[in-house]
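**Q**
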Amino acid sequence: MASVNPFNLSDSEEEAERRPNETVDTERTPSDGAPGPPPGNPFSPSADTEPPTLLLSSNRTSPSGEGSVSVAATAAMAAETRITVDGIAAQLLRDQYILTALEFHTELLEAGRELPRLRDYFSNPGNFERQSGTPPAKDQVLGPGGPLNRAGSISTLDSLDFARYSDDGNRESDERVAESEVPSQERKNFKSSAEIQESIRPLEKRALNFLVNEYLLKNEYKLSAITFSDENDDQDFELWDDVGLNIPKPPDLLQLYRNCGTPLSSPRDKVDVSVGVEFADLSGNGIVQDAPKKPDLSHQQQTEVVQELEYQISLLNTEKQSLAEQIKKLQSEIQTLKRTVSSPPPSTLDLGSQKTSNPSTFSTDAVSVPPTDNGQYLDIRGDSEPEAKEDPPSAQNISQPPTQSHSKLKSRPPIQFDQPNRKLSPAFQQALMSFCRMCSDSRLGAEVSRIADSEESVMLMLGRCLPHIVPNVLLAKREELIPLILCTACLHPEPKERDQLLHILFNLIKRPDDEQRQMILTGCVAFARHVGPTRVEAELLPQCWEQINHKYPERRLLVAESCGALAPYLPKEIRSSLVLSMLQQMLAEDKADMVREAVVKSLAIIMGYIDDPDKYSQGFELMLLSLGDPSERVVSAVHQVFIPAFAAWTTELGSLQNTLIPSLLARIEKLLMQGEHGLDEHKLHMFLSALQSLIPPLFAVVLLNAPFTSRAKLNGDIPAIEVTRFPRPASPLQDVATIIGSREMLSALLLLYDYQLEQEGTTGWDSLLWVVNQLLPQLIEIVGRINVSSSTCVHEFSRFFWRLCRTFGKIFTNTKVKPQFQEILRLSEENVDTSAGNDILCKATVPIYATGVLTCYNQDEDRKLLVGFLEDVMTTLSLSHAPLDSLKASFVELGANPVYHELLLTVLWYGVVHTSALVRCTAARMFELLVKGVNETLVAQRVVPALITLSSDPEISVRISTIPAFGTIMETVTQKELLERVKMQLASFLEDPQYQDQHSLHMEIIRTFGRVGPNAEPRFRDEFVLPHLHKLALANNSQTTEMKRIDVATQLFEAYSALSCCFISEEVMVNHFLPGLRCLRADMEQLSPEHEGILSSMIKECEIKIENRGMADAQGSMSIASSLVGEDAKTKFLSKMGQLTTSGAMLANVFQRKK
């Protein structure tokens, strides 16, 4: 028989014709994968490459004298039994006769009968690499039995045969090696680049990208690796499975480079040769030879090879016979035990006698079946007699207890087949059946040929197949595998396989979306329910821990959500220790908002199941940590989920009223003490919002610990709860009905609650008495220490009291809350005696009581109470000459809601018609705050008539107090008729002779013009504001009183500074703006030389701008601000400002607009 060189790139046509009938054994099925690397692959040597040689171990070569004996013994045994070549291969590999197996593999290749078992073994580089990670020596290979001398052909790179495993049908490779990169002595092994110009394929590119990234990281090219990873963001460089090739990870680039010149396996048309050697490479003395390739072997070499193989076969046959005898003995014992348990069915065959009559069939199956199958299969491989399949589990499951095997199989009736009345020998029958085209020797073929007949065997099969299936499923469809993976992981008997399957589950999708994560979480919960807390702790939690720092936020999000979903199914000590620590670490360290949000929700679930009182302090710190998170979505999750769950736990501990709420109040008080020079409003909001979220559970505690709780009955007609009875909850967990248990129970309790407050009082009601006697007084004291000018604090506390009163009800508010405020806010002039320190009406208590308590209910009596309170405060503060800050804060807070505009106008009208001029002045100033939020209709109908009335007041101070409100109307209103009315009123103040000497009026008008001028209508500014400022500046030049003159000059300086940023037409600039500045400069030359320099610079720049504009086309109005952006002007302006001194108290706040 002519030898076949396994290193040839393809078989010749003559060889293909010589082996037409051998395709049954050699052709690869689709399940075996695509052929090896095609021509052009730089890792595949050309046909003229010198073949490597194999170093044979001489101590296993039999003497030539024993050859005839071996042949005779082999012939005798062949006559008695028949064994398959696969059985021989399996025995050689099992006993670590690696070189003998390689020789056997080579001979099979020469005969054109490739054996998949040997092919897969020798093509897997993992079987020959050193475990230490060090590349093996050039002439050494490490097999399962230790280091072996190897030929170059063992250094196979089939694991890099990417085209072989790709999904496209093109088998040709496109890998190229530049000639400049290959040593000259190796160039002959490769084709020129002109012959291989195809583009790289996707799978090849992903595999090479993985190896390049691995090389960069190992050699400290971190920046390059990061850039490379960013440029390939569609690939996960941490997982080889992400490449998409169902093969082990190949060696790194360094090892590939060192072995790049080693001849590798090459493809064949029908026989997939992964590893092979020529007979010419073998020498009898076992010395490596580099002689040229010879077409034929010498007779001596053939004899030596045959003797070696015959010797090994004889040893294997002897061992096989010994094992067969042991199997028969064990089978006999099994049958005896089965008979003792229960009498066998009549149709059961005598397996012992059956196997005695057909030993070849039995021994072949026994050798080829992997031990992990546990025998629970219906095997259709290679049986010559159908009766042999009668009871294979009993024949092979010798490692399990007999009772277990019997319990698994007793439910399946024995299978019988009709036997033909023929006298064919078993050998002939087996040879005849061998012509059926079945592939049972590959991995997939072995799985297909065996049908599981028990739950355990199904799980074993799925555990073996799923790792090969998952990488070949599209990423978008991998969630379809979740039920299969989970079911297998639940029922698989091997912990290692279960761990691998759960690892696949958590790494199934690189960046799972919401729906995919929900599917995985649902599966994890189902798994946990099935297996119990011990396995959840041992198998699922490690998967979470491994991915806690994964680079993709979606994977970390899956971990955070898993911790919450699995919390009910974990051991309680793990729930309150390991899982809590994991979530705490993620909350503190994770940078993704969505991950921290999920962490907060999972922490809330942990708080719902935790029962260790010692963990309270840790839960409180977690609440504060999450409340201080910069992300709004995280803080929202805290209020919606975490705080309600934490409050429910503290309620069970009895520490909601005793510990949790007092702790937050203590922190607020400490914050106020530290914030005398500047309050940290963010922290105040954080603590107060937490208190606000605790109001629903606090009310639930009051209801459930009331004297009437035991009398609550659900039977009978229970009225429904009004929709507006409670504030809208932020989440279902903050709904009082959810906390209580049901809306029916809440309705029954509310009826008894209102009746108890009205009729029976609070005696013995400790939970409510704590609210009335401890919580409310402490809150009111805190409110009195808040700076009333802080609108944020006022708003926060107002919302808190509003929710508190609405939750506890109207009766509670009227009988418990309002009396405590009214006791403090005694509306009398003595109560605002600031000299005596009794200034409670000037504190934030007034706006918080008005906006947080009196606005809770909107019925007529409630509105009347609010109106009366505001009128009393306005009157008391005015008559006491006290600051109006508390009243202004109340108007600002209420004015933000249009519902209260009419009410506030009613209060102001009360002030307009009041007999005291002080009250009328206060009312006039309050209109300035209200105008900005009121619609123009109300301004025209209610505000302007009231101001016109006050502008004609007998008291000049009242008239002057209306000017800021008129200015605000000019700034905000757009109706021309309304603006004309206001303009006429202001003109009367400026032009009426009776006001010529009113210094206070002039000061107020100039201040108002400087405030509203930049935002007012341009026509109003050009035709009214600037001309009258010019007149006032001119009149101030002739002012004889120095103090009045410097006051007006200072106010004019601020007004002109503010108006200089506006667009002013050239005409107005020449006629009014520049003349007004010159008049002001004349005053400043005498009164404040520091200001004179700044005014001179402004005047010079304006004059230059006018000259330049006169030379060019007129562009309309110009901006004085734009004229100051030149570098010279800016430098002069800033240098002059830096020279200003604070010699006069009136000049200290230059450029600060006075309100």
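FYI, in our numbering the residues of the sequence shown are 92 to 1246.
Ideal Cβ placement from N, Cα and C applies to all residues, glycine included.
#1: Let's test the definition: count the other Cβ atoms within 10 Å of the Cβ of S693 and tell me whether it reaches 16, buried, or not, exposed.
#2: Could you give the distance in angstroms between the alpha-carbon of K1319 and the alpha-carbon of S727?
#3: Using the Cα positions of F195 and G335, report the straight-line distance between them to the nearest angstrom.
#4: For a quick check, are the C-beta atoms of V725 and V691 less than 8 Å apart?
#5: Which same chain residues end up closer than 7 Å to R834 when comparing Cβ atoms and leaving out the 5 residues on each side of it in sequence?
#6: Do you know offhand how far G466's Cα is from I418's?
#7: Look up R569 in the DSSP assignment and say whether it is helix, strand or coil.
#8: Relative to the ligand MN, is the shortest distance from any of its heavy atoms to the C-beta of L314 smaller than 7 Å?
#9: With a threshold of 8 Å, are at least 3 pairs of Cβ atoms found where one atom belongs to the region 729-746 and the other to the region 834-844?
#10: In this structure, does DSSP put G178 in helix, strand or coil?
#11: Count the other CB atoms within 10 Å of the CB of N598; is the residue buried (16 or more) or exposed (fewer)?
#12: To the nearest angstrom, report how far apart N1127 and R1136 are at their CA atoms.
#13: Rounded to the nearest angstrom, what separates D604 and E760 at their Cα positions?
#14: Applying the criterion that 16 or more other CB atoms from any shown protein chain within 10 Å of the CB defines a buried residue, is F301 buried or exposed?
#15: Whose CA, out of E984, Y991, L307, I179, lies closest to the CA of I404?
#16: May I ask you to report which of helix, strand or coil DSSP gives D1088?
#17: With burial defined as no fewer than 16 other Cβ atoms inside 10 Å of the residue's Cβ, what is the status of P938: buried or exposed?
#18: Given a cut-off of 8 Å, decide if L1125 and N1170 are closer than it, judged by their beta-carbon atoms.
#19: Just to confirm, is the Cβ distance from V879 to K955 under 8 Å?
#20: Looking at the secondary structure, which residues open and close the alpha helix (DSSP H) in which V937 lies?
#21: Using the Cα positions of L994 and H972, report the straight-line distance between them to the nearest angstrom.
#22: In its own chain, which residues sit with a C-beta less than 6 Å from the C-beta of T494, not counting the 5 before and 5 after it?
#23: Please name the residue, chosen from F892, E546, P989, that lies closest to V874 on a Cα-to-Cα basis.
#24: Cutting at 7 Å between CB atoms, please list the residues of its own chain near V958, excluding the five before and the five after it.
#25: If contacts are defined as beta-carbon pairs under 8 Å, then T1059 and V1003 qualify, I think. What distance do you get, rounded to the angstrom?
#26: At what residue ranges does the region 653-733 contain a whole run of the alpha helix (DSSP H), taking only runs of 4 or more?
#27: In terms of alpha-carbon separation, which member of S667, S413, V908 lies closest to P868?
#28: Could you check the C-alpha separation between H390 and F219 for me, to the nearest Å?
#29: Nearest CA to the CA of S722: which residue from A757, M685, L1020?
#30: Measuring only the C-alpha atoms, how far is V1159 from S1179?
#31: Return the residue from the list Y940, R666, F526 that minimises the CA-CA distance to D703.
#32: Compute the beta-carbon to beta-carbon distance between L755 and F733, rounded to the nearest angstrom, for a pair I have assumed lies under 8 Å.
#33: How far does the alpha helix (DSSP H) with T829 in it extend, from its first residue to its last?
**A** Taking the definition as stated:
#1: Label assigned to S693: buried.
#2: Because the chain spans 92 through 1246 in this model, residue 1319 falls outside it and cannot be assessed.
#3: 33 Å
#4: yes
#5: I812, A828
#6: Caution applies to G466, whose pLDDT of 39 falls short of 50 and renders its modelled position unreliable; the value that the coordinates give is listed next. Whole-angstrom Cα-Cα distance: 14 Å.
#7: Three-state result, R569: helix.
#8: The ligand MN is absent from the structure shown, which contains no ligands of any kind.
#9: no
#10: helix
#11: N598 comes out buried.
#12: 6 Å
#13: 45 Å
#14: buried
#15: I179
#16: coil
#17: buried
#18: According to the sequence displayed, residue 1170 carries Cys and not Asn. In contact: C1170 and L1125 (Cβ atoms closer than 8 Å).
#19: no
#20: 936-939
#21: 25 Å
#22: Note on T494: pLDDT 40, under 50, position unreliable in the model; the coordinate value appears next. So no residue of the chain qualifies.
#23: F892
#24: Counting only Cβ-Cβ distances below 7 Å, and skipping sequence neighbours, we find L994, T997, V998.
#25: In fact, because the Cβ distance is near 17 Å, the residues do not count as touching under 8 Å.
#26: 663-666, 669-680, 684-700, 707-718, 723-728, all fully within the region 653-733.
#27: V908
#28: 32 Å
#29: M685
#30: Answer to the nearest angstrom: the Cα atoms are 27 Å apart.
#31: Closest by alpha carbon: R666.
#32: At roughly 14 Å, the Cβ-Cβ gap does not stay under 8 Å, so L755 and F733 are not in contact.
#33: Boundaries of the alpha helix (DSSP H) around T829: 827-831.
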